[in-house]
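**Student:** Before we start, here is the structure in question, set down as structure tokens.
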Amino acid sequence: MAALDQLAGGEWFEIRERLHRPEQLFEFFSSGDRPAARVAALTEACSAAASGLDAAIEGGIFEFRRAELGAILSELAEAEYSSEVFSRLGVMEARAAALILATACQRALLTQDLPFLDDSDDGTEQSSAETVAAEQDLNQIIADVKEIIQTDPAVKMNAAIKNILLQLQKYREESATYRKLKEQATSYRLEMYSRTFAATFNQIFDSIRKNYAMFLEEQEEARRRGRPSVVQGLDTRSWTRLLTEHLEEVSWARSTLVFALREHTGVREPLVRLSRRRDDLLKRITAEEEVAADVAGGEAAAHRLSRLIARDTATRLRRWASQVASS
């Protein structure tokens, strides 16, 4: 189908251009003219993917990708016999986008375009940035942000800092409204206003803390870029070549779902055709595992690296999803 080919080609071009910076790929999937419902579905899918990556203790990133791709394509097979699956295409497209993001993170970590966030095997503790943001007094956070901006005005273009400034502006506006309402409110309405605005203020404060934690983590990541990577010294070119090919295949699968969402009619055939490629696409992940073992110096080393990649990717997906939810 010419229309599908054109859509898939254009989408893959946009994705391929951002493979070195997966955070820009997330922005591509979550911004622009995309409906709010699709962005919400993506953030939910990324959060779910992060949990799936954390749970992939045995096989790491390979275990997650195999399970997620298999589940999406198995569900699509229903299209051959039933129309019920068409009501779930939006969720499936979001899951496919999250899968692309996870695979893109894997590739960028292997090419050292991204630094590893944590080289240890124990990923159960809360990150230091989250701990600092959770424990620090809110007034101190605001003072720190003001000092950071004063030292480097260009930091106002940072997404997390921009969100903090927006939340502060929102707080000032809501506070002014609350003060005006209090002046004329009866005791009953005053109690109602107090509850409503208290909830609003708590949301604002939570958002400020989350964005401050994101900013601190970004700064720590920038410092990590100067440290030796766990893949330093490994020739990962054969591995990343397979990853790029697999990414194009998964990108095509997602484009098929996007096409079906747009067209509504005449889409059963491409969906069924895609579902029938399930075994072939899963075999490619198995072939990739074999290459990974050669690159890493054995299956045990490849599995350890795969688990590190999974945990690292989970952190990034969770952070990006939280950043959109907080904005």
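In terms of numbering that gives the first Met the number 0, the sequence shown has 68 at position 69, counting the first letter as 1, and numbering is strictly consecutive.
Don't be surprised by glycine CBs; every beta carbon is placed ideally from N, CA and C.
Quick one: residues in its chain with C-beta nearer than 7 Å to the C-beta of A76, no 5 flanking neighbours on either side, listed in chain order?
**Tutor:** Indexing the sequence shown from 1 puts residue 76 at position 77. Excluding sequence neighbours, A76 sits near S274.
**Student:** If you count every other CB in all the chains shown that lies within 10 Å of the CB of T312, and 16 or more means buried, which is it?
**Tutor:** By one-based count along the sequence shown, residue 312 stands at place 313. Answer is buried; the Cβ neighbour count reaches 16.
**Student:** Look at L316 and L52 and say whether their C-beta atoms are less than 9 Å apart.
**Tutor:** Position 317 of the sequence shown, counted from the first residue, corresponds to residue 316. Position 53 of the sequence shown, counted from the first residue, corresponds to residue 52. Yes.
**Student:** Is it buried or exposed for Q149, if we count other Cβ within 10 angstroms and need 16 for buried?
**Tutor:** Mapped onto the sequence shown, residue 149 falls at position 150. By the 10 Å Cβ count, Q149 comes out exposed.
**Student:** Look at I60 and A309 and say whether their C-beta atoms are less than 9 Å apart.
**Tutor:** On the sequence shown, residue 60 is found 61 positions in, with the first residue counted as 1. On the sequence shown, residue 309 is found 310 positions in, with the first residue counted as 1. In contact: I60 and A309 (Cβ atoms closer than 9 Å).
**Student:** With the cut-off set at 9 Å, would you say A96 and L18 are in Cβ contact?
**Tutor:** Mapped onto the sequence shown, residue 96 falls at position 97. Mapped onto the sequence shown, residue 18 falls at position 19. Against a cut-off of 9 Å, the Cβ pair of L18 and A96 comes out as no contact.
**Student:** Can you tell which of A101, R171, I141, G297 has the C-alpha that lies nearest to the C-alpha of R208?
**Tutor:** By 1-based counting over the sequence shown, the position of residue 208 is 209. Selected option, being the one with the closest Cα: I141.
**Student:** Is the segment 37-49 touching the segment 288-298, taking contact as three or more C-beta pairs under 8 Å?
**Tutor:** no
**Student:** Near V38, what residues of its chain come up, given a Cβ to Cβ distance below 6 Å and the 5 sequence neighbours on each side ignored?
**Tutor:** Here residue 38 is taken as the residue at index 39 of the sequence shown, counted from 1. Sequence-distant partners of V38 (beyond 5 residues in either direction) whose C-beta falls short of 6 Å from its own C-beta, in its chain, are S29.
**Student:** In the DSSP assignment, find the alpha helix (DSSP H) that holds S50 and state where it starts and stops.
**Tutor:** On the sequence shown, residue 50 is found 51 positions in, with the first residue counted as 1. 35-54 is the extent of the alpha helix (DSSP H) around S50.
**Student:** How many Å lie between S250 and A93 at the Cα?
**Tutor:** For this step, residue 250 is matched to residue 251 along the sequence shown. For this step, residue 93 is matched to residue 94 along the sequence shown. About 12 Å.
**Student:** Rounded to the nearest angstrom, what separates E83 and R267 at their Cα positions?
**Tutor:** Here residue 83 is taken as the residue at index 84 of the sequence shown, counted from 1. Here residue 267 is taken as the residue at index 268 of the sequence shown, counted from 1. Straight-line Cα distance between these residues: approximately 12 Å.
**Student:** For L116, name the three-state secondary structure that DSSP assigns.
**Tutor:** Taking the first residue of the sequence shown as 1, we reach residue 116 at position 117. Correct three-state label for L116: coil.
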